[in-house]
Every structure is written in C-alpha cells, then in structure tokens.
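Take a look at the structure below.
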Ligand code: HEC
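Numbering (our numbering), first residue to last: 85 to 323.
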C-alpha cells in the first residue's frame, strides 16, 4: 500500500493519528469503556441468548441473569465454554446433522474467555445493558401427540419421516448410539447421545427430515431409556 511507498507526509499524518488513537485507547481501557469487553455490552447479550433459557430463576440450572450471579462463577464459566460442556448438547458432534445445535460461535467463545481473562469488567454504562429476556415457564419441550416413543430396538411397520429425536428419559451418563437399519441393510446414523442429562430437555432436530421405509429398524435405544421419534414432513424433492 501507499503507506510504505515513501510518501512522508501521509506517513507523518498517520503516525500522529495512531498516536492519538493509542492515547485514546489506553485512556478508555483504564475506564472500562471503549474497547474493553464488558458485561453490560457484550457478555450479558451472549448469556441471555445462549445460557439464560436454562440459567435463570425457575430454570433448570442456577441463574446467570445478573452480573452478581456471573462474576463469582467467571472461571467456571470460562472452563465450561472452552471445554464446550456449556451450552450442553449431550451428543457426539458429527453423528447425525442437526439444525438446533446450540454451540457457541468462535467469536462468542473468545469474547467470554477474553472477558474473564481481563477480570470481568462490568462496564460503567448501565444503559448498554439489554433487558432481561422473558421465558415462558416451564420452557420444557412439548412432545407432539403423534410422536412415537421407543425403548429397545424398534421396527417401523409403516414409512415414517423423522424430524428429529427427543430423549424423554435416559439414565445419566448413558451413551447411546442410535441408527436406523434400512431394509436393504444400509445404516442411517441418527443420534449418538453422550453425557446427555434429562435436565437438558432438548430435542435433536435434523437439518433435513429423514424418511425411513417400512421395515426399518431403529437400533441402539437401551431398554431402560425412552426416546421419542418426532414425525416430520417428507421432503418434496426426495425420490
Ligand atoms: C439447556 C440448558 C443449559 C444451557 C443452555 C446452558 N446450561 Fe449451563 N448448566 C445447565 C445445567 C442443567 C447445569 C447443572 C450441571 C449439569 O447438570 O451439568 C449447568 C451447569 C453449568 C455450570 C457449572 C458447571 C460445573 O463445572 O459444575 C456452568 C459454569 C455453566 N452451566 C455455564 C453455562 C454457560 C456460560 C452457558 C451459556 C454459554 C450455559 N451454561 C448454558 C444447563 C444449561
């Protein structure tokens, strides 16, 4: 670029600009405004969007609605998001393809870890804090009437289009690899539950509905677990 092409005037101007910018930034950091990541501005938004559905008064886990709830748990939060145990998913990624996978984006993850590493500034502009989200209570997943609950291997007597699966009850720490064995012997991966807890109460919704012909066997659900097959609409374009 022209910056380094010997255009001295330009460079000098830039230099001064940089200096001013630098002075402004260091000043800003000292006051926790400007570029610093704060609870009021960035972190509350991530938590409200990604964590508060469970982490709130009356939710399935301790509240993370207020700065005073979050700040003392900052280190645990950093560990939980870095290890990707939170938000919980409870299944092996890459086995089955789900549209409601709620993993944090890399950007969200970095905002949280940088914030914790810079001593969790609250920020001093309370107007930047968004309103606390409201949730219906209880926000439990509603099972539709035509869902089909299976325990143990199950053979479909009719064609069924699956929109997803919902673990109704699974013993804690049980790992369950669920597949559909098609009549021609082909295997369709459905869901590999791993460290799923009943308290998560979330369905696994496929990115594309899966149509299974009659005679397909849903295999892998333990006899002491209950998994609901959620019916969906057959894709029009499918053969
Ligand atoms: C689907 C519900 C749900 C969501 C969404 C969720 N959590 Fe949790 N979280 C739980 C439950 C339930 C527990 C209690 C421990 C357990 O059963 O694993 C928990 C526990 C934790 C813990 C304690 C972990 C420990 O080491 O004991 C932290 C920290 C945490 N959550 C942070 C978060 C953060 C941060 C987010 C958002 C990025 C989040 N959670 C999203 C349900 C949720």
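Every residue gets a Cβ at the ideal spot worked out from N, C-alpha and C, and that includes glycine.
All values derive from a computational prediction rather than experimental measurement.
query: If you follow the beta strand (DSSP E) that residue 247 is in, where does it begin and where does it stop?; result: 244–253
query: Contact defined as beta carbons within less than 8 Å: I believe residue 143 pairs with residue 281. What is the distance between those atoms, to the nearest angstrom?; result: Contact flag wrong, Cβ pair sits at about 14 Å.
query: Can you find a heavy atom of the ligand HEC that lies under 7 Å from the Cβ of residue 134?; result: yes
query: The ligand HEC and residue 151: does any heavy atom of the ligand fall closer than 7 Å to the residue's C-beta?; result: no
query: Within its chain, find whatever has a CB closer than 8 Å to the CB of residue 145; leave out the 5 residues flanking it on each side and keep chain order.; result: 138, 139 and 283
query: So which of 198, 232 and 134 has the shortest CA-CA distance to residue 187?; result: 134
query: Would you say the beta carbon of residue 165 comes nearer than 7 Å to a heavy atom of the ligand HEC?; result: yes
query: May I ask whether a heavy atom of the ligand HEC can be found less than 7 Å away from the beta carbon of residue 168?; result: no
query: Using a 10 Å radius around the Cβ and a threshold of 16 neighbouring Cβ atoms, would you call residue 248 buried or exposed?; result: buried
query: One question on the structure: do residue 250 and residue 273 come within less than 8 Å of each other, judged by their Cβ atoms?; result: no
query: Thinking just about the alpha-carbon of each residue, which of 295, 194, 277 and 157 is nearest to the one in residue 179?; result: 277
query: Do you know how far the Cα of residue 207 is from the Cα of residue 120?; result: 8 Å
query: Taking DSSP's pairing of strands, which residues face residue 315 in a bridge?; result: 246
query: Return yes when the Cβ of residue 298 is within less than 8 Å of the Cβ of residue 253, no when it is not.; result: no
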